[in-house]
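Worksheet: one structure, shown below.
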Amino acid sequence: MNQHPVQLQIEKADKAIVAENFDALMDVYTDDAVLVIEPGRNAVGKSEIRKAFEAIAVYFKNGLQVEQSGMEILESGDTALVLANTVVSGPGFPATERKATYVFNKSASGAWLCSIDNSYGHEIIGKNA
21 MNQHPVQLQI EKADKAIVAE NFDALMDVYT DDAVLVIEPG RNAVGKSEIR KAFEAIAVYF
81 KNGLQVEQSG MEILESGDTA LVLANTVVSG PGFPATERKA TYVFNKSASG AWLCSIDNSY
141 GHEIIGKNA
């Protein structure tokens, strides 16, 4: 069975994060995308998102590992909601599974791009109150 194009984009992003290939990573995001850095703290736009991922790489001692252990994609028109079990680990950081939520939008050219990257899922509820 063929993989959904959004799943392929997520795989591309995960590989780029692990390889610290931030140019390739930015190709997965919309220009005005939102990245949840941690509950209560977001990066908005490709420039801020790139800086956030550069800092995240350093925080994880340049050994961040990211993979998906399960995923559901709900698509309606040019919008896709992704519910994923995202596993994050690194040197000195045990593997942690997060119940991630991502939103992808189909561009005019037909490419699926991430507009909301929330690897923390519902954990962010109430963090800004």
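Counting in my numbering, the sequence shown runs from 21 upward without gaps.
Every residue gets a Cβ at the ideal spot worked out from N, C-alpha and C, and that includes glycine.
From the options, pick the residue whose C-alpha is nearest to that of residue i; which is it?
i	options	result
residue 115	86, 43, 72	86
residue 32	23, 22, 24, 48	48
residue 119	112, 131, 95, 90	90
residue 67	43, 60, 96, 82	43
residue 101	122, 82, 113	122
residue 112	78, 97, 129	78
Taking the C-alpha atoms as reference points, what is the distance between residue i and residue j?
i	j	result
residue 39	residue 80	13 angstroms
residue 27	residue 76	23 angstroms
residue 45	residue 95	22 angstroms
residue 117	residue 41	23 angstroms
residue 37	residue 97	28 angstroms
residue 74	residue 135	19 angstroms
residue 151	residue 82	Coverage of the chain is limited to positions 21 through 149, which leaves residue 151 absent and any answer about it impossible.
Using a Cβ-Cβ cutoff of less than 7 angstroms, which residues in the same chain neighbour residue i once the five nearest sequence positions on both sides are dropped?
i	result
residue 133	48, 49, 50, 124, 125, 127
residue 55	62, 63, 69, 72, 137
residue 59	140, 143, 144, 147
residue 24	93
residue 57	63, 72
Buried or exposed: residue i, going by 16 or more other Cβ atoms within 10 Å of its Cβ?
i	result
residue 84	buried
residue 150	Any answer about residue 150 is impossible in this case: the structure gives the chain only from 21 up to 149.
residue 99	exposed
residue 53	buried
residue 131	exposed
Give every residue of the same chain whose Cβ lies closer than 8 angstroms to the Cβ of residue i, excluding the five residues on either side of it in the sequence, and list them in chain order.
i	result
residue 65	51, 52, 53
residue 34	86, 87, 88
Residues in the same chain with beta-carbon distance under 6 angstroms from residue i, minus the five sequence neighbours each way, listed in chain order, please.
i	result
residue 104	88, 91, 120
Across the region 124–142 and the region 91–110, are there enough close Cβ pairs to call them in contact, namely three or more that are closer than 8 angstroms?
The answer is yes - the region 91–110 touches the region 124–142, with three or more Cβ pairs under 8 angstroms.
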